[in-house]
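Sequential numbering of the sequence shown, starting at 6, is according to my numbering. No residue lacks a Cβ here, since even glycine has one placed at the ideal position from N, Cα and C. Remember, predicted model here, so these are calculated numbers, not experimental data. All remarks here apply to the structure that follows.
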Amino acid sequence: MSYLSPDGIEKVDDYTVKLNLSRAEIAVPEHLFHYPALVLNHRTFEGDFIKAPHGTGPYTLEDYSEGEHASVKRREDYWQTGADGKPLPYLDGMEFIEMGEELSAWIAAIQAGEVDYLDLGDSNPVEAYQALKDNPDIIITPVTTAQTRVLRMRVDMDPWGDENVRMALKLCQNHEKILNLAYFGEGRPGQDFHVAPVHPEYCEMPIPEYNPDKAKQLLADAGYPDGLDVELAVGSGWPDIVSYGEILKEDAAPGGFNITLNTMPNSQYWELWTEVDLGITPWTHRPLGTMVLNLAYIADEEGNPVAWNETRWVDDEFSELLFEANGTLDVEARREIFCDLQRIQYERGAIGIPFWRNVWFVSSKKVKDVPGHPTYYMLFNKVWMEA
6 MSYLSPDGIE
16 KVDDYTVKLN
26 LSRAEIAVPE
36 HLFHYPALVL
46 NHRTFEGDFI
56 KAPHGTGPYT
66 LEDYSEGEHA
76 SVKRREDYWQ
86 TGADGKPLPY
96 LDGMEFIEMG
106 EELSAWIAAI
116 QAGEVDYLDL
126 GDSNPVEAYQ
136 ALKDNPDIII
146 TPVTTAQTRV
156 LRMRVDMDPW
166 GDENVRMALK
176 LCQNHEKILN
186 LAYFGEGRPG
196 QDFHVAPVHP
206 EYCEMPIPEY
216 NPDKAKQLLA
226 DAGYPDGLDV
236 ELAVGSGWPD
246 IVSYGEILKE
256 DAAPGGFNIT
266 LNTMPNSQYW
276 ELWTEVDLGI
286 TPWTHRPLGT
296 MVLNLAYIAD
306 EEGNPVAWNE
316 TRWVDDEFSE
326 LLFEANGTLD
336 VEARREIFCD
346 LQRIQYERGA
356 IGIPFWRNVW
366 FVSSKKVKDV
376 PGHPTYYMLF
386 NKVWMEA
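What follows is the structure, given as structure tokens:
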């Protein structure tokens, strides 16, 4: 939150604070709700958190064993009431069980009634969806999202500093094919800019066509008439990313790219995700189009690419338009700005985005009113269970 310093936080009364920003920013409410910006009581890390919890949530932590399980119980003094006038939460408590990395074990557990809900946030949700979608004892809640897989090229490393080379690789993506084969068609095609159809300011644009002939010509124009040998880093624990890489390797060959896949464990990829010159990185959902653009495609006040700018791509015109969009509350006016932002990132940017992912909340039919959330937030204050 570079637009807010500690000195800009003003206490109005016991229940109100005033935020004095250094610039206009429409995403303040979302930033305060977002997972990297937890709002904690100043006593949170004092004493025994289980015996004396400090927080405002609907449950308190009863037991926790790292890597094994955790349990929470209903708090009796929660501030919120339901539509029926009864105090929330409805559940007496919940138990979370670590079941390992094999999704087949999770699927078997919910099919057998051993668990009532699957948290698919760090797994392959489409596998669970495919396995459980026809089970009458399972409720699957679909959510459209801005989750995606980003083909990212570092513009400060050869050959990706050349716009022609970047566009050539982007043209080797068959967006519909990648979506259908890598993610079973469960999403929407992307357009090589990091703004999704679910974003309120999204500007409708056509899906780029797969064009290996044009890609080959662009490589020749960039000084590579015989093509290019490149290495693509991918995490082995993301099946759709591995499939994306394999499809791109095959489809980019006619365009002049000889791609070698460097497959590694996810943990190793996260150690290198900002360092490799060419890779495919998973990016989670952000509710506003401005948010991820500010996170990943601009420079800081000193002119250096921001920490999560894995491509190192910075464009002055793009940045100026984005700062204007940050302070534009009217969504239609903001969409006009985004038409230019999306065009610039497609034409001059350093990313390919073939698709946006659907996700699913999977629960037993006994569990009622599970709210879907695009980043798997478990908002269970109004959830209840049928006897």
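| Check | Outcome |
| --- | --- |
| Over the uninterrupted beta strand (DSSP E) stretch that includes residue 238, give me the two end residues. | 233-240 |
| Figure out for me which residue from 67, 322, 46, 213 has the closest Cα to the Cα of residue 56. | 67 |
| Tell me whether the region 209-220 and the region 243-250 touch, counting them as touching only if at least three CB pairs, one residue from each stretch, are closer than 8 angstroms. | no |
| Note down, one range per segment and in chain order, each alpha helix (DSSP H) of at least 4 residues found wholly within the region 272-338. | 294-301, 321-331 |
| By the DSSP assignment, the beta strand (DSSP E) with residue 74 in it spans what residues? | 74-79 |
| Taking residue 163 as the reference, which of 317, 118, 312 has the closest Cα? | 317 |
| Could you give the distance in angstroms between the alpha-carbon of residue 267 and the alpha-carbon of residue 273? | 11 angstroms |
| Count the other CB atoms, across all protein chains shown, that sit within 10 Å of the CB of residue 111; report buried if there are 16 or more and exposed otherwise. | buried |
| Is the beta carbon of residue 362 closer than 7 angstroms to that of residue 228? | no |
| Taking residue 408 as the reference, give the member of 36, 235, 296, 347 with the closest Cα. | A query on residue 408 cannot be resolved here, the shown segment of the chain reaching from 6 to 392 and no further. |
| Going by DSSP, what residue range makes up the beta strand (DSSP E) through residue 152? | 143-158 |
| On the three-pair Cβ rule with 8 angstroms, is the region 256-267 touching the region 233-240? | yes |
| Give the single residue among 107, 131, 92, 145 whose Cα lies nearest to the Cα of residue 376. | 145 |
| Output the boundary residues of the beta strand (DSSP E) element that contains residue 366. | 360-369 |
| Using 8 angstroms for Cβ pairs, my map puts residue 286 next to residue 157. What's the rounded Cβ distance? | 6 angstroms |
| Say whether the region 31-49 touches the region 282-296, bearing in mind that this needs 3 or more beta-carbon pairs closer than 8 angstroms, one atom from each stretch. | yes |
| Bridge partners for residue 70 per DSSP, in chain order? | 74 |
| Would you list the one or two residues that DSSP bridges to residue 386? | DSSP lists no partner for residue 386. |
| In terms of residue numbering, what span does the beta strand (DSSP E) encompassing residue 262 cover? | 262-269 |
| Alpha helix (DSSP H) containing residue 99: first to last residue? | Per DSSP, residue 99 belongs to no alpha helix (DSSP H); it is in the beta strand (DSSP E), 98-102. |
| Please confirm whether residue 379 and residue 150 have their CB atoms less than 7 angstroms apart. | yes |
| If you run the structure through DSSP and keep just helix, strand and coil, what is residue 171? | helix |
| Which class does residue 90 belong to by DSSP, given the choice of helix, strand or coil? | coil |
| Which residues bound the alpha helix (DSSP H) around residue 194? | Where residue 194 is concerned, there is no enclosing alpha helix (DSSP H), although the beta strand (DSSP E) it sits in stretches over 192-194. |
| According to DSSP, is residue 37 part of a helix, a strand, or is it coil? | helix |
| Determine, using beta carbons only, whether residue 191 comes closer than 7 angstroms to chain B. | Within the model displayed, chain B is absent; a lone protein chain is all it includes. |
| On the three-state DSSP scale, how would you describe residue 5? | Limits of the chain in this structure are 6 at one end and 392 at the other, which puts residue 5 out of reach. |
| Considering only their Cβ atoms, is the gap separating residue 223 from residue 169 smaller than 7 angstroms? | yes |
| Taking the alpha-carbon of residue 324 as reference, which of 188, 334, 116, 343 has the nearest alpha-carbon? | 343 |
| Does the separation of the CB atoms of residue 393 and residue 257 fall below 7 angstroms? | Residue 393 is absent from the model: the chain starts at 6 and stops at 392. |
| In whole angstroms, what is the alpha-carbon distance linking residue 408 and residue 49? | Because the chain here runs from 6 to 392, residue 408 falls outside it and cannot be looked at. |
| Give me whichever residues DSSP pairs with residue 65 in a beta bridge. | 78 |
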